[in-house]
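Enquirer: First the structure, then my questions, so here it is.
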Amino acid sequence: MFLKKDRSSKDKKQIIKLYKDHVSSGKVDFYNKYNMDFVMGHRDGHWLYDIDGKKKLFNLHSNGGVFNLGHRNNEIINFLKEQLNFYDIGNHHLISKPRAELAGKIAELMPGDLEYTIFGVSGGEAIDVALKIARSFTNRKKIISVEGGYHGHTGLSVQTGDDQYKAPFLLDSSDFLQIPFNDLEALQNVLDQDVATVILETIPATLGMPLPKKGYLKKVKELCENNGTLLILDEVQAGLGRTGKLWAFEHFDVIPDMVVLAKGLSGGIYPISATVIDKKLESVFHDNPFIHISTSGGAELGSSVALKVLEITSNENFLKKVNTLSDLFQIELEKLLERHHSFFKGIRRLGLMMGLELKDKLAGPVMTKAAYDNELLIIYANNDPSVVQFLPPLIMDEKDIKHVVKQLDRTFNEARVLHTALKLKDNITSIFK
Ligand SMILES: Cc1ncc(COP(=O)(O)O)c(C=O)c1O
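Set out below in structure tokens:
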């Protein structure tokens with residue numbers, strides 16, 4: 562039993578039943594099937610504790626970057642407490658100091674003419690805004706995205722993604738096209754005078770972190786520019802220091818027309834997202850500046866928190882530390898690669914944005930389960946389950962890396978055994994039993 566037990570009066574079974582009856586019966590059935598009944602209770606830094614205090618997990622997923630600064634980061638919480646003496650959500654009809662200051666800071670930290678920001682609450686909302694702006698500015702309808710990429714589940718963002726998330730909602734549209742990542746020829750073949758925008762994650766996380774080939778993003782931008790098409794880079798996961806630079810696209814000598822930020826901008830505390838646009842695109846709002854509204858987007862408390870997040874993550878020493886940690890991980894992961902080469906096949910890595918390549922598509926789910934049993938939260942890439950996403954908090958230290966590597970070593974051993982057993986049974990449904 563861990564000491565970090567939640568003080569909630571409800572016991573875990575009651576909570577799970579409430580969730581099943583009033584939030585999602587399907588999710589509860591899913592976790593039951595796989596024998597995973599973790600309910601997030603106390604959380605602190607990189608640790609999550611089950612609400613009954615009986616299990617803990619080292620968060621190596623960071624919810625795609627939401628918890629870049631760890632859970633309940635003290636500096637963020639204390640700052641938010643101060644802001645609560647003065648601010649609330651604010652009023653989106655009026656001019657706002659925190660929004661102005663945050664947008665000003667983002668403009669200062671972005672290269673080129675990326676000078677305006679439209680705030681939202683979620684990543685999907687911010688992507689929708691980017692797509693709306695692209696259509697309005699170009700007066701074109703077609704939107705090109707990457708097969709296996711992921712930009713959210715809201716109105717337009719979901720249409721850039723997989724069929725499985727569109728079909729149940731009758732959202733198919735011939736205006737949305739997909740091409741393979743890292744394939745310039747495929748892009749050339751679809752670019753025509755109707756294409757408003759190409760949208761890409763700088764490093765597609767849900768596709769298992771394939772890194773852009775040398776020169777790829779630069780060439781994409783060039784092709785777009787020559788075609789009067791705008792380039793949107795989704796840095797919802799890759800931005801904010803994750804790759805060792807503040808913005809991941811800085812590694813690739815490219816400046817997009819729009820950048821989308823979310824997840825980590827919240828400090829894991831107050832949801833906020835940002836669509837950062839080239840100043841030329843602001844003309845979309847000249848005739849009527851009220852054609853896009855988000856009541857809680859850029860809430861004044863959230864804007865204050867995000868400003869603090871930017872202050873922390875843009876600091877040179879912070880980024881230096883991310884790079885030091887990522888070098889250490891590379892050394893340790895290479896050792897594991899050698900020790901477990903029949904199961905663990907390769908490392909995809911830029912800074913602390915990492916994907917571990919495993920032997921096949923069964924191996925990712927198996928690894929997720931074996932990691933869970935070894936107190937690690939690791940999640941396989943939904944659109945390529947042969948890769949597990951490896952996104953540790955950016956605030957770790959060397960001691961944490963040693964701990965994680967020790968647990969990973971055990972996890973690989975258990976995953977290999979489980980994988981062999983399942984292969985023999987040829988039965989994926991019993992993975993988590
Ligand atoms: C790359 C990327 N873009 C957009 C989104 C959508 O963000 P949200 O879930 O906040 O709508 C996500 C969410 O996982 C994401 O990973």
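Just so you know, the numbering used here puts 592 at position 31 of the sequence shown, and the rest follows in order with no gaps.
C-beta atoms are modelled at their ideal positions from N, C-alpha and C, and glycine is treated no differently.
The structure presented is a predicted model; accordingly, all values stated were derived computationally and were not measured.
In the DSSP assignment, find the beta strand (DSSP E) that holds F647 and state where it starts and stops.
Expert: To locate residue 647, count along the sequence shown from 1; it is residue 86. Where F647 is concerned, there is no enclosing beta strand (DSSP E), given that its DSSP letter is neither H nor E.
Enquirer: What is the DSSP secondary structure of V948, counted as helix, strand or coil?
Expert: Stepping through the sequence shown from its first residue, residue 948 is reached at position 387. Of the three classes helix, strand and coil, the one that applies to V948 here is strand, per DSSP.
Enquirer: For K906, which residues from the same chain have a beta carbon less than 7 Å from its beta carbon, with the 5 sequence-adjacent residues on both sides left out?
Expert: On the sequence shown, residue 906 is found 345 positions in, with the first residue counted as 1. Answer for K906: E918, L919 and K920, listed in chain order.
Enquirer: Would N652 be called buried (16 or more neighbouring beta carbons within 10 Å of its own) or exposed?
Expert: Within the sequence shown, numbered from 1, the residue matching residue 652 stands at position 91. Looking at its Cβ environment, which holds fewer than 16 other Cβ atoms inside 10 Å, N652 is exposed.
Enquirer: In terms of residues, what are the limits of the beta strand (DSSP E) holding I873?
Expert: Start at 1 with the first residue of the sequence shown, and residue 873 comes out as number 312. From DSSP, I873 is part of no beta strand (DSSP E) but of the alpha helix (DSSP H) over E861 to T874.
Enquirer: Here's a check: name, in chain order, each residue in its chain whose Cβ is nearer than 8 Å to the Cβ of F846, leaving out the five neighbours to either side.
Expert: Taking the sequence shown and counting its residues from 1, one reaches residue 846 at position 285. Answer for F846: I852 and H853, listed in chain order.
Enquirer: If you check the beta carbons only, do K824 and G626 fall under 8 Å apart?
Expert: Locating residue 824 in the sequence shown gives position 263, counting from the first residue. Locating residue 626 in the sequence shown gives position 65, counting from the first residue. Closer than 8 Å, so yes.
Enquirer: Mind checking which residues open and close the beta strand (DSSP E) that includes L913?
Expert: Position 352 of the sequence shown, counting from 1, holds the residue named residue 913. Here L913 belongs to no beta strand (DSSP E), and DSSP marks it neither H nor E.
Enquirer: State yes or no: is the C-beta of I939 within less than 8 Å of the C-beta of H622?
Expert: Residue numbering aside, residue 939 sits at position 378 when the sequence shown is read from its first letter. Residue numbering aside, residue 622 sits at position 61 when the sequence shown is read from its first letter. Yes, these two residues count as a Cβ contact at 8 Å.
Enquirer: Alpha carbon to alpha carbon, how far is P659 from P953?
Expert: Stepping through the sequence shown from its first residue, residue 659 is reached at position 98. Stepping through the sequence shown from its first residue, residue 953 is reached at position 392. For P659 and P953, the distance between alpha carbons rounds to 30 Å.
Enquirer: Which class does M671 belong to by DSSP, given the choice of helix, strand or coil?
Expert: As a position in the sequence shown, residue 671 is number 110, starting the count at 1. M671 falls in the coil class under three-state DSSP.
Enquirer: Give every residue of the same chain whose Cβ lies closer than 7 Å to the Cβ of P672, excluding the five residues on either side of it in the sequence, and list them in chain order.
Expert: As a working mapping, residue 672 is identified with position 111 in the sequence shown. Same-chain partners within the cutoff: I816.
Enquirer: Quick one: what's got a C-beta closer than 6 Å to L862's C-beta in the same chain, skipping five residues either side?
Expert: Locating residue 862 in the sequence shown gives position 301, where the first residue counts as 1. Same-chain partners within the cutoff: Q644, Y648 and Y831.
Enquirer: With hydrogens ignored, establish whether the beta-carbon of G684 is closer than 7 Å to any heavy atom of ligand 1.
Expert: As a first step, residue 684 must be located in the sequence shown, where it is residue number 123. Under cutoff, so the answer is yes.
Enquirer: What are the complete alpha helix (DSSP H) segments, minimum 4 residues, inside the segment 918-968?
Expert: Those alpha helix (DSSP H) runs which fall completely within the segment 918-968 and span 4+ residues are 924-934.
Enquirer: Just how far apart, CA to CA, sit L670 and I656?
Expert: On the sequence shown, position 109 is the one that residue 670 refers to. On the sequence shown, position 95 is the one that residue 656 refers to. Roughly 22 Å between the two C-alpha positions.
Enquirer: Roughly how many angstroms separate the alpha carbons of G606 and I638, rounded to a whole number?
Expert: Position 45 of the sequence shown holds residue 606. Position 77 of the sequence shown holds residue 638. Going from the Cα of G606 to the Cα of I638 covers about 12 Å.
Enquirer: On a CA-only basis, which of T804, W608 and H980 is nearest V965? Give me that one, please.
Expert: Position 404 of the sequence shown, counted from the start, is the residue given in the question as residue 965. Closest by alpha carbon: W608.
Enquirer: Determine the DSSP secondary structure at L609, reduced to helix, strand or coil.
Expert: What you label residue 609 is simply residue 48 of the sequence shown in a count that begins at 1. Looking at L609 - three-state DSSP - the assignment turns out to be strand.
Enquirer: Could you tell me if G776 is buried or exposed, where buried requires 16 or more neighbouring beta carbons within 10 angstroms of its beta carbon?
Expert: The residue you call residue 776 lines up with position 215 of the sequence shown. Flag for G776 reads exposed.
Enquirer: What is the residue span of the beta strand (DSSP E) that D795 lies within?
Expert: Indexing the sequence shown from 1 puts residue 795 at position 234. From DSSP, the beta strand (DSSP E) with D795 extends over L791 to D795.
Enquirer: Tell me which same chain residues have a C-beta within less than 7 Å of the C-beta of V756, skipping the five on either side of it?
Expert: By 1-based counting over the sequence shown, the position of residue 756 is 195. So the qualifying residues of the chain are R701, K703, I705, N788 and T790.
Enquirer: Would DSSP call A835 helix, strand or coil?
Expert: Position 274 of the sequence shown, counted from the start, is the residue given in the question as residue 835. Strand at A835.
Enquirer: When DSSP builds the beta bridges, which residues end up paired with K999?
Expert: In this structure the chain extends from 562 to 994, so residue 999 is not present and cannot be described.
Enquirer: Would you mind working out which of Q720, D572 and Q798 sits nearest P729, comparing C-alpha positions?
Expert: Here residue 729 refers to the residue found at position 168 when the sequence shown is read from its first residue. Ranking Q720, D572 and Q798 by Cα distance to P729 puts Q720 first.
Enquirer: Taking the beta strand (DSSP E) that T758 falls in, what are its first and last residues?
Expert: Residue 758 sits at position 197 when you count from the first residue of the sequence shown. Counting along the chain, the beta strand (DSSP E) containing T758 begins and ends at V756 to E762.
Enquirer: Below 7 Å, is the gap between the Cβ of A823 and the nearest heavy atom of ligand 1?
Expert: For the purposes of this step, residue 823 is taken as residue 262 along the sequence shown, with counting starting at 1. The answer is yes for A823.
Enquirer: Return the CA-CA distance between S718 and D814, expressed in angstroms with no decimal places.
Expert: In the sequence shown, the residue the question calls residue 718 occupies position 157. In the sequence shown, the residue the question calls residue 814 occupies position 253. If you take the alpha carbons of S718 and D814, they lie about 26 Å apart.
Enquirer: To which residues of the same chain is L985 closer than 8 Å at the C-beta, ignoring the five residues directly before and after it?
Expert: One-based indexing of the sequence shown puts residue 985 at position 424. None.
Enquirer: Could you round the C-beta distance between D945 and G709 to whole angstroms and report it? I think they count as a contact, below 8 Å.
Expert: In the sequence shown, the residue the question calls residue 945 occupies position 384. In the sequence shown, the residue the question calls residue 709 occupies position 148. With 8 Å as the limit, D945 and G709 qualify as a contact, their Cβ atoms being about 7 Å apart.
Enquirer: Compare the beta carbon distance of F810 and L794 with 8 Å and say whether it is the shorter of the two.
Expert: Along the sequence shown, one-based indexing puts residue 810 at 249. Along the sequence shown, one-based indexing puts residue 794 at 233. Their beta carbons are under 8 Å apart, which means F810 touches L794 by this criterion.
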